[in-house]
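Enquirer: Line by line, the protein sequences are chains A and B. Taking this note's numbering, the leading residue of the first sequence gets 1, the next gets one more, and so forth. Taking this note's numbering, the leading residue of the second sequence gets 180, the next gets one more, and so forth. Heads up, the beta-carbon is just placed ideally off N, CA and C, and yes, glycines get one too.
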Amino acid sequence: MELTSLSFWIFSTLAVLSAIGVVFLKNIVYAVLSLISTLIMVSGLFFTMGAELIGALQIIIYAVAIVVFYVLVISTVPEFKGETIDPNYMFVSLPVGFLIFIELAYVSLYGAWKSNVGMFTSEVIKEMGNVKAVASVLFTKYLFPFEVASIILLVAMIGAIIIGKKDHVIEEEASNGSL
Amino acid sequence: METLGAIVGITIKSLIFIVGMFLAAAYLTLVERKFAGHVQQRPGPLHVGPHGFLQPIADALKVLTKEDLVPDSADKFLFYLASLLAFVPAIMILAVVPFGEPFEIFGFTIYPYISDVNVGLLLALAFGSISLYGVIFAGWASNSKYPMIGGLRKAAVLIGYEVALGFAIAGPIMQAGTFSLKGIVDAQEGLWFIIPNILAFVVMIFAVLAETGRTPFDVQEAEAELVGGYVTEYSAMKFGLFPLAEWYIATFVLSAITVILFFGGWHPFPFMDGLPISSFVWFMIKLFMVFMFFLWVHWTLPRYRVDQITELAWKVMLPLALANIFIVAIWIMIFG
Chain A
1 MELTSLSFWI FSTLAVLSAI GVVFLKNIVY AVLSLISTLI MVSGLFFTMG AELIGALQII
61 IYAVAIVVFY VLVISTVPEF KGETIDPNYM FVSLPVGFLI FIELAYVSLY GAWKSNVGMF
121 TSEVIKEMGN VKAVASVLFT KYLFPFEVAS IILLVAMIGA IIIGKKDHVI EEEASNGSL
Chain B
180 METLGAIVGI TIKSLIFIVG MFLAAAYLTL VERKFAGHVQ QRPGPLHVGP HGFLQPIADA
240 LKVLTKEDLV PDSADKFLFY LASLLAFVPA IMILAVVPFG EPFEIFGFTI YPYISDVNVG
300 LLLALAFGSI SLYGVIFAGW ASNSKYPMIG GLRKAAVLIG YEVALGFAIA GPIMQAGTFS
360 LKGIVDAQEG LWFIIPNILA FVVMIFAVLA ETGRTPFDVQ EAEAELVGGY VTEYSAMKFG
420 LFPLAEWYIA TFVLSAITVI LFFGGWHPFP FMDGLPISSF VWFMIKLFMV FMFFLWVHWT
480 LPRYRVDQIT ELAWKVMLPL ALANIFIVAI WIMIFG
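(1) Judging by CA-CA distance, which residue of Val249(B), Tyr290(B) and Thr391(B) is the nearest neighbour of Leu304(B)?
(2) Taking Cβ to Cβ, would you say Ser308(B) is nearer than 8 angstroms to Ile60(A)?
(3) Could you tell me the boundaries of the alpha helix (DSSP H) in which Asp251(B) lies?
(4) Kindly provide the ranges of any beta strand (DSSP E) runs that are 3 or more residues long and lie completely inside the region 2–69 of chain A, ordered along the chain.
(5) CB of Lys165(A) to nearest heavy atom of the ligand SAH: below 7 angstroms?
(6) Just to confirm the assignment, what range does the alpha helix (DSSP H) spanning Ser108(A) have?
(7) Is the distance from the Cβ of Ala502(B) to the Cβ of Leu378(B) below 8 angstroms?
(8) Determine the contact status of Ala185(B) and Gly339(B), defining contact as a CB-CB distance below 8 angstroms.
(9) So with Cβ pairs under 8 angstroms, would you call Thr394(B) a contact of chain A?
(10) Check whether chain B comes within 8 angstroms of Ala56(A), counting only Cβ atoms and requiring the distance to be less than that.
(11) Rounded to whole angstroms, what's the CA-CA distance from Ile413(B) to Val249(B)? Just pull it up for me.
(12) Got a sec: is the Cβ-Cβ distance from Ala305(B) to anything in chain A below 8 angstroms?
(13) For the region 108–127 of chain A, which residues have a CB atom closer than 7 angstroms to at least one CB atom of chain B, in sequence order?
(14) Please report how far the alpha carbon of Leu25(A) lies from the alpha carbon of Phe396(B), in whole angstroms.
(15) Going by beta-carbon coordinates alone, are Leu311(B) and Leu337(B) separated by less than 8 angstroms?
(16) For the region 208–243 of chain B, list the beta strand (DSSP E) runs that are entirely contained and at least 3 residues long, ordered along the chain.
(17) Using alpha carbons as the reference points, say which of Ile195(B), Val187(B), Leu207(B) and Leu194(B) lies closest to Ala429(B).
(18) Roughly how far, in whole angstroms, is the beta-carbon of Val218(B) from the beta-carbon of Trp426(B), given that I think they are within contact range, below 8 angstroms?
(19) Can you tell me whether Thr140(A) is helix, strand or coil according to DSSP?
(20) List, in chain order, every chain B residue whose beta-carbon is nearer than 9 angstroms to that of Ser150(A).
(21) Distance check for Leu440(B) and Leu260(B), CA to CA, integer angstroms please.
(22) Taking all protein chains shown into account, do 16 or more other C-beta atoms lie within 10 angstroms of the C-beta of Glu341(B), making it buried, or fewer, making it exposed?
(23) Can you pull the DSSP bridge partners for Thr288(B)?
(24) Go ahead and pull the three-state DSSP assignment for Ser178(A).
(25) Inspect the beta-carbon positions of Val32(A) and Ala15(A) and report whether they are closer than 8 angstroms.
(26) Could you check if Phe316(B) is buried or exposed, using at least 16 other CB atoms within 10 Å of its CB as the buried criterion?
(27) Just to check my reading of the structure: Gly408(B) and Pro326(B) have Cβ atoms closer than 8 angstroms, yes? What is that Cβ distance to the nearest angstrom?
(28) Just to make sure I have the definition right: I need the residues of chain B whose C-beta is within less than 9 angstroms of the C-beta of Glu103(A). Which are they?
(29) Going by beta-carbon coordinates alone, are Leu209(B) and Pro229(B) separated by less than 8 angstroms?
(30) Within 10 angstroms of the Cβ of Leu302(B), are there 16 or more other Cβ atoms? Answer buried if so, exposed if not.
(31) Give the residues of chain A in contact with Ser308(B), contact being defined as C-beta atoms less than 9 angstroms apart.
(32) Using 8 angstroms for Cβ pairs, my map puts Asn297(B) next to Gly55(A). What's the rounded Cβ distance?
(33) If the cut is a Cβ gap below 9 angstroms, which residues of chain B does Leu3(A) touch?
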């Protein structure tokens, strides 16, 4: 068996197993640990497919930057501390999850169907490297969507800061004479 | 058969790096203690072996043979896992750090690095930040107040400095035009990247000190306030792994990355091109100068407050790193 296909099977098996763990583990900290494991294994899958840039970014952004906040919230909010939660939301989460699954399946099938029609064949990518290949398209053809996405993120960030700010609540309380 | 050969080859090479790093880390403890002694005008370890030379071995034996206590109310699995989670990513950074140019001995070409992936720098950053989970889970699994506070403090510090560090390394990447650590060194043939990137270097120094939890930033274990921070409940070798990973291996590897990014990697010092010194030795000389700088800071300065650290990260270091990108962009436009 070839080295890449061997590592593909190892990474994908572990990814699926830990994804199952995310769903079924009762202790929420273990579920997050499973999530980290899933994300790292998926990054390993990217590496076996030669998409090193996405693999590295997967670890930095998803496995660390985002999940760290999950861990922080879970370990600081005492109600969630290692307790199980009743599956009341299952009626909402099941259809939504199923819809997302269908969407992802459609996109990946479509991607497999349409693969290798663009200018970036695997030889070209091997020649110029992942980063340059992504940058040369992202900052020319897709520059406008890229900038729009960055503005949306900026707006979302400012919104989050304003929502998270508590000063005005305190001021209102003070003006109502409740003190 | 070829697959097997490749796997065995990589395994042996990785083992050499890992075992070498372990032994080096053991003796880095002696270097640190001697250096700290001289900074504070005392002799340091002196009695085990000639001039304290065998002290690390005595320490290792002591730590390995101590009773391994696990608190009753701790989450056992996570408690064990956390010490490994702190340690393994730190050593994984070694996979992408090159220690010199390939050289030949008795007809064999020896490559002093495990792999030269073209996103090496990003991977080093990624592995470095995964070790954060070791600290957080150590704090949570101990099920005790002080470790919890220590773990959360470390997370707050790291989130801030990871961002600043990410922007700081953009300068050298822009100049070299590659993420490969070897490519970055090759691009510094003429002029070291410290020249336009001086601001990024300052940010890098602060970020390395913060990431490895060395003194101005060691709020996560602040022994005066938090007993021992996130390692309070640990004992024996599980306790030993945390400082070994953070203070020695992570500092060593991040010093190597600092040298690669700003000090020309294994290129010789200016005006010393003719000296018959191999690239590996040049690299080690620079590496130890940077490492000693971190030790010097550690054993000289007192500790910041937590809010001062995060304020410094977001209000000073991040703008400095952004300003550096601006300066480097102008530099590239003028000098090409």
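Expert: According to the data block:
(1) In the second sequence, the residue the question calls residue 304(B) occupies position 125. When each option's Cα is compared against that of Leu304(B), the closest is Thr391(B).
(2) As a position in the second sequence, residue 308(B) is number 129, starting the count at 1. As a position in the first sequence, residue 60(A) is number 60, starting the count at 1. Yes, the Cβ-Cβ distance between Ser308(B) and Ile60(A) is below 8 angstroms.
(3) By 1-based counting over the second sequence, the position of residue 251(B) is 72. Taken as a continuous stretch (DSSP letters only), Asp251(B) belongs to no alpha helix (DSSP H), as it is neither H nor E.
(4) none
(5) The ligand SAH is absent from the structure shown, which contains no ligand whatsoever.
(6) Taking the first sequence and counting its residues from 1, one reaches residue 108(A) at position 108. Taken as a continuous stretch (DSSP letters only), the alpha helix (DSSP H) holding Ser108(A) covers Met90 to Trp113.
(7) Within the second sequence, the letter at position 323 stands for residue 502(B). Within the second sequence, the letter at position 199 stands for residue 378(B). Cβ atoms of Ala502(B) and Leu378(B): closer than 8 angstroms.
(8) Taking the second sequence and counting its residues from 1, one reaches residue 185(B) at position 6. Taking the second sequence and counting its residues from 1, one reaches residue 339(B) at position 160. It is not a contact, given that the beta carbons lie outside the stated cut-off.
(9) Here residue 394(B) corresponds to residue number 215 of the second sequence, with the count starting at 1. False, the Cβ-Cβ gap to chain A never drops below 8 angstroms.
(10) Reading the first sequence from its first residue, position 56 is the one you call residue 56(A). Yes, Ala56(A) lies at the interface with chain B (some Cβ there is under 8 angstroms from its Cβ).
(11) Along the second sequence, read from residue 1 onward, the residue named residue 413(B) stands at position 234. Along the second sequence, read from residue 1 onward, the residue named residue 249(B) stands at position 70. The sequence given here places Tyr at residue 413(B); Ile does not occur at that position. The straight-line gap from Cα to Cα measures roughly 7 angstroms.
(12) For the purposes of this step, residue 305(B) is taken as the residue at position 126 of the second sequence. Yes, contact with chain A.
(13) none
(14) For this step, residue 25(A) is matched to residue 25 along the first sequence. For this step, residue 396(B) is matched to residue 217 along the second sequence. Distance between the alpha carbons of Leu25(A) and Phe396(B) is about 36 angstroms.
(15) Translated into the one-based positions of the second sequence, residue 311(B) becomes position 132. Translated into the one-based positions of the second sequence, residue 337(B) becomes position 158. Yes; because the gap between Cβ atoms is below 8 angstroms, this pair is in contact.
(16) none
(17) For the purposes of this step, residue 429(B) is taken as the residue at position 250 of the second sequence. Comparing Cα positions, the closest option is Leu207(B).
(18) Position 39 of the second sequence, counted from the start, is the residue given in the question as residue 218(B). Position 247 of the second sequence, counted from the start, is the residue given in the question as residue 426(B). Not quite, the Cβ-Cβ distance comes to about 15 angstroms (not below 8 angstroms), so this is no contact.
(19) Indexing the first sequence from 1 puts residue 140(A) at position 140. DSSP places Thr140(A) in coil when its eight states are reduced to three.
(20) Here residue 150(A) refers to the residue found at position 150 when the first sequence is read from its first residue. Simply none; closest approach about 15 angstroms.
(21) The residue labelled residue 260(B) in the question sits at position 81 within the second sequence. The residue labelled residue 440(B) in the question sits at position 261 within the second sequence. Approximately 33 angstroms, taken between the alpha carbons.
(22) Residue numbering aside, residue 341(B) sits at position 162 when the second sequence is read from its first letter. Answer is buried; the Cβ neighbour count reaches 16.
(23) On the second sequence, residue 288(B) is found 109 positions in, with the first residue counted as 1. DSSP lists Glu283(B) as partners of Thr288(B).
(24) As a first step, residue 178(A) must be located in the first sequence, where it is residue number 178. Low confidence applies to Ser178(A): its pLDDT is 48, below 50, so where it sits in the model is not reliable, and the reading given next is rough at best. Ser178(A) falls in the coil class under three-state DSSP.
(25) Here residue 32(A) corresponds to residue number 32 of the first sequence, with the count starting at 1. Here residue 15(A) corresponds to residue number 15 of the first sequence, with the count starting at 1. Result no, Cβ atoms of Val32(A) and Ala15(A) do not sit closer than 8 angstroms.
(26) Mapped onto the second sequence, residue 316(B) falls at position 137. Classification of Phe316(B): buried, given that the 10 Å Cβ count is 16 or more.
(27) Here residue 408(B) is taken as the residue at index 229 of the second sequence, counted from 1. Here residue 326(B) is taken as the residue at index 147 of the second sequence, counted from 1. The pair is a contact, with the Cβ atoms about 7 angstroms apart (cut-off 8 angstroms).
(28) The count along the first sequence starts at 1 and reaches residue 103(A) at position 103. Under the 9 angstroms cutoff, chain B gives no residues; its nearest Cβ is about 28 angstroms from Glu103(A).
(29) Position 30 of the second sequence, counting from 1, holds the residue named residue 209(B). Position 50 of the second sequence, counting from 1, holds the residue named residue 229(B). Cβ atoms of Leu209(B) and Pro229(B): not closer than 8 angstroms.
(30) Residue 302(B) sits at position 123 when you count from the first residue of the second sequence. So Leu302(B) counts as buried.
(31) Here residue 308(B) is taken as the residue at index 129 of the second sequence, counted from 1. Within 9 angstroms Cβ-Cβ: Ile59, Ile60, Ala63, Val64, Ala65 and Val68.
(32) Here the question's residue 297(B) lines up with position 118 in the second sequence. Here the question's residue 55(A) lines up with position 55 in the first sequence. Their Cβ separation, rounded to whole angstroms, is 12 angstroms, which puts Asn297(B) and Gly55(A) out of contact at 8 angstroms.
(33) By 1-based counting over the first sequence, the position of residue 3(A) is 3. Simply Glu181, Thr182, Ala185 and Ile186.
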